[in-house]
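Residue numbering for the sequence shown follows our numbering, starting at 9 and increasing by one per position.
Glycine included, each C-beta is placed from N, C-alpha and C at the ideal position.
Values in this document were obtained by computation on a predicted structure and should not be read as measured data.
One structure below.
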Amino acid sequence: MSTQAKIRRNTVPQIAARKGGEPIVSLTSYHAHTAAIVDKYADFILVGDSLGMVMHGMESTVGVPLDLMIMHGKAVVRGTQKALIVVDMPFGTYEESPAVAFRNAAKIMKETGCGAVKLEGGKRMAETIHFLVERGIPVMAHIGLTPQSSHVMGGFKTQGRDEDSWAAHEEDAKAVSEAGAFAIVLEGMVEPLAARITKQIDIPTIGIGASAECDGQILVLEDMLGLNEWTPKFVKVYGDLGPAIERAVEQYAEEVKDRSFPGEDQVYR
Ligand code: KIV
């Protein structure tokens with residue numbers, strides 16, 4: 009039996025069954041060693057295409073290539089044992105047609121060993137979600153603020169401030185749920201709208217900047233660790249790693265310069 013075959017991860021039906029129950033804990037992670045830490049506490053881990061901005065210094069997620077998602081997806085799967093791993097489909101790999109989406113989603117699943125993919129879009133993606141699910145690919149949907157469409161939306165803007173826009177978001181949620189998505193990320197959405205959607209659909213809602221009314225929460229790990237210079241207003245920063253890393257690097261640089269590094273105990277003789 010292979011090592012991976014002995015690993016028992018949370019499954020898609022287990023996550024779906026948490027609707028209205030114990031809140032679902034999730035975080036993003038992009039590499040093996042942070043994923044191993046997150047794995048102890050998260051029900052699922054998202055290898056988000058936010059890695060383009062967080063790890064690779066891109067201005068948006070639009071430029072993230074499929075191969076990059078696969079490389080980080082593999083690392084996260086290798087580093088974890090318990091959480092369901094979900095990998096984002098990057099911009100341009102699924103919108104054209106259900107067949108293109110299937111080809112790329114299957115590539116992600118085969119090459120990374122992840123348990124599900126996530127894609128952005130509501131009503132317009134329902135046909136594709138149905139096509140993928142029917143063919144064995146579990147899909148997490150993502151509506152509200154959808155960063156891959158930031159050029160159309162005119163930036164990263166909170167959704168649902170105008171009550172007249174609620175119906176469209178509610179229709180999006182209903183469409184992806186009926187198409188077979190097992191969960192749905194609600195990003196950057198006012199609380200009353202997130203609460204309404206959570207009540208209206210049968211699959212768990214996972215909020216990011218969408219209030220505690222959702223069935224679960226997700227944050228970008230580097231944001232909540234205080235590693236990014238800028239974090240969205242809604243993010244509670246639980247760690248202070250940016251300054252801690254800087255202090256360590258500064259001390260190392262000083263020790264190298266004044267020749268107090270390496271200490272006696274660190275020298276091979
Ligand atoms: O790419 C990402 O990290 C995401 C989360 C913000 C949900 O999609």
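### Query
Where DSSP assigns a beta bridge to MET197, which residues make up the other side?
GLN167, per the DSSP bridge assignment.
### Message
I need the straight-line Cα distance from SER278 to SER173, nearest angstrom please.
### Response
The chain is shown only over 9 to 277; residue 278 falls outside these bounds and no answer can be derived.
### Task
Would you kindly work out how many angstroms separate the C-alpha atoms of ALA256 and PHE110, rounded to a whole number?
Just so you know, the alpha carbons of ALA256 and PHE110 end up roughly 46 Å apart.
### Message
Under 7 Å: does the beta carbon of HIS150 sit that close to some heavy atom of the ligand KIV?
### Response
Yes, Cβ of HIS150 sits closer than 7 Å to a heavy atom of the ligand KIV.
### Assigned exposure category for ILE209 - 16 Cβ within 10 Å defines buried
Label assigned to ILE209: buried.
### Top-ranked residue by Cα proximity to VAL55, from GLY162, SER268, LEU127, GLU199
That would be LEU127, whose Cα lies nearest to the Cα of VAL55.
### Query
Run through DSSP, which three-state label would GLN89 get?
Residue state, collapsed to three classes: coil.
#### Entry: Option nearest GLU178 by Cα separation, candidates ILE205, THR101, ILE211, MET97
The candidate whose alpha carbon is nearest that of GLU178 is ILE205.
### Spatially closest choice to PHE52 from PRO146, ALA187, ILE93, GLU103, by CA coordinates
Relative to PHE52, the option among PRO146, ALA187, ILE93, GLU103 whose CA is nearest is ILE93.
### Under the three-state DSSP convention, the category ILE191 falls into
Ile is not the amino acid found at residue 191; the sequence shown has Ala there. Three-state DSSP puts ALA191 in a strand.
#### Entry: Simplified DSSP assignment, three categories, for MET117
The answer is helix: DSSP assigns MET117 an H, G or I state.
### Task
Figure out for me which residue from ALA50, HIS64, MET79, GLY60 has the closest Cα to the Cα of GLY121.
Looking only at ALA50, HIS64, MET79, GLY60, the smallest Cα-Cα distance to GLY121 is reached by MET79.
#### Entry: Distance cut-off 7 Å: SER58 Cβ against heavy atoms of the ligand KIV
Indeed, a heavy atom of the ligand KIV lies less than 7 Å from the Cβ.
### Task
Would you check whether the ligand KIV has a heavy atom nearer than 7 Å to the C-beta of ILE216?
Distances from the CB of ILE216 to the heavy atoms of the ligand KIV include at least one below 7 Å.
### Query
How close, in whole Å, do the beta carbons of VAL130 and ALA191 come, if the pair is a contact with beta carbons under 8 Å?
Rather than Val, the amino acid found at residue 130 in this sequence is Gly. Contact flag wrong, Cβ pair sits at about 14 Å.
### Message
Let me make sure I understand the geometry here. Which of PRO155, LYS82, ILE216, ARG132 has the alpha-carbon closest to that of GLU279?
### Response
Absent from the structure is residue 279, since the part of the chain shown begins at 9 and ends at 277.
### Query
Of the choices SER68, ALA50, GLU254, whose alpha-carbon is the least far from that of VAL160?
Minimum Cα distance to VAL160 is reached at SER68.
### Message
Which residues does DSSP list as the beta-bridge partners of SER68?
### Response
Residue pairing of SER68 in beta bridges, as defined by DSSP: absent, with no partner found.
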